[in-house]
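Residue numbers are given in the working numbering: position 127 of the sequence shown equals residue 124, and the series is strictly consecutive. Where is the CB? At the ideal position from N, CA and C, for every residue including glycine. Here's the structure we're looking at; comments come further down.
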Amino acid sequence: MGVLTRIVKTVYDEVTKPKSFVKGENFENYVRQFIFPTELYQLEHHSHDYNSNKGDYVQTSLNPDFLFSSKKNKKKFYVEAKYRSEFQEKGIERSKTYQLKRYQETNKELPVFIALGVQGKPSRPKYLFIFPLKKVKYTKLFDSVLEKYEVETDTPIEQTKLWKMLY
């Protein structure tokens, strides 16, 4: 494939990518850059993007978005990044039932945390919540749960705070 053909294909792929995937990728980039930065966390795995999966789906993309290890203590954990444009009445829909079940299975091996950005932009959410999956029983997150796990939007989360959430 020639250089020009590759450029045209790349541009076409970006232009035709569904907006929901663009938002998701932007939020994932935000989570990595600001909340779980390279100075504190080693990236062990990142799920494949839309363009990688559309032709030949990579099964590990069914795992949460990130697998990190803390540079302090080498503990590994998963993070699933979710962005929602708005709050819903009395809470927010976090995931589908089949996703919750799949992540609960993963949580048996290693802790899974959810990073949920709401309002603002995916690249700069107005609100950010980080919580352990083991504390979530339903696909809808109610305000009473969310308020316990609100964190600063542009401040890295320390690994000690993550582990305290588990107990």
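Other residues of its chain near residue i: CB distance less than 7 Å, five sequence neighbours each side excluded
{"i": "E25", "result": "D62 and A78"}
{"i": "N70", "result": "Q156"}
{"i": "E41", "result": "L64, F65, S66 and K73"}
Alpha-carbon spacing of residue i relative to residue j, whole angstroms
{"i": "L37", "j": "Q156", "result": "8 Å"}
{"i": "V109", "j": "V133", "result": "11 Å"}
{"i": "V19", "j": "P119", "result": "9 Å"}
{"i": "H43", "j": "E144", "result": "28 Å"}
{"i": "W160", "j": "K16", "result": "34 Å"}
{"i": "I154", "j": "L59", "result": "25 Å"}
{"i": "I127", "j": "K68", "result": "19 Å"}
{"i": "Y164", "j": "T35", "result": "26 Å"}
{"i": "E102", "j": "D151", "result": "30 Å"}
{"i": "Y80", "j": "G(-1)", "result": "37 Å"}
{"i": "G114", "j": "V142", "result": "15 Å"}
In DSSP terms, what residue i is bridged to
{"i": "F122", "result": "A quick correction: the sequence has Pro, not Phe, at residue 122. DSSP output for P122 lists G117 as bridge partner(s)."}
{"i": "E77", "result": "I111"}
{"i": "V148", "result": "L125"}
{"i": "I89", "result": "L138"}
{"i": "F65", "result": "L40 and F74"}
Span of the beta strand (DSSP E), counted from its first residue to its last, around residue i
{"i": "Q30", "result": "No beta strand (DSSP E) holds Q30; DSSP gives it neither H nor E."}
Close beta carbons around residue i, own chain, < 6 Å, minus the five adjacent residues each side
{"i": "M162", "result": "P129"}
{"i": "K123", "result": "Q116 and G117"}
{"i": "E147", "result": "F126"}
Delimiting residues of the alpha helix (DSSP H) encompassing residue i
{"i": "Y100", "result": "T94 to N104"}
{"i": "L159", "result": "Q156 to M162"}
Chain-order list of residues whose beta-carbon lies under 8 Å from that of residue i (same chain, five-residue window excluded)
{"i": "T94", "result": "T136"}
Task: Stretch-stretch touch, CB-based, cutoff 8 Å, three pairs: the stretch 87 to 94 with the stretch 121 to 140 - done: yes
Open item on the list: If contact is defined by three or more beta carbon pairs under 8 Å, each pair taking one atom from either stretch, is the stretch 69 to 78 in contact with the stretch 95 to 109?
Closed with: yes
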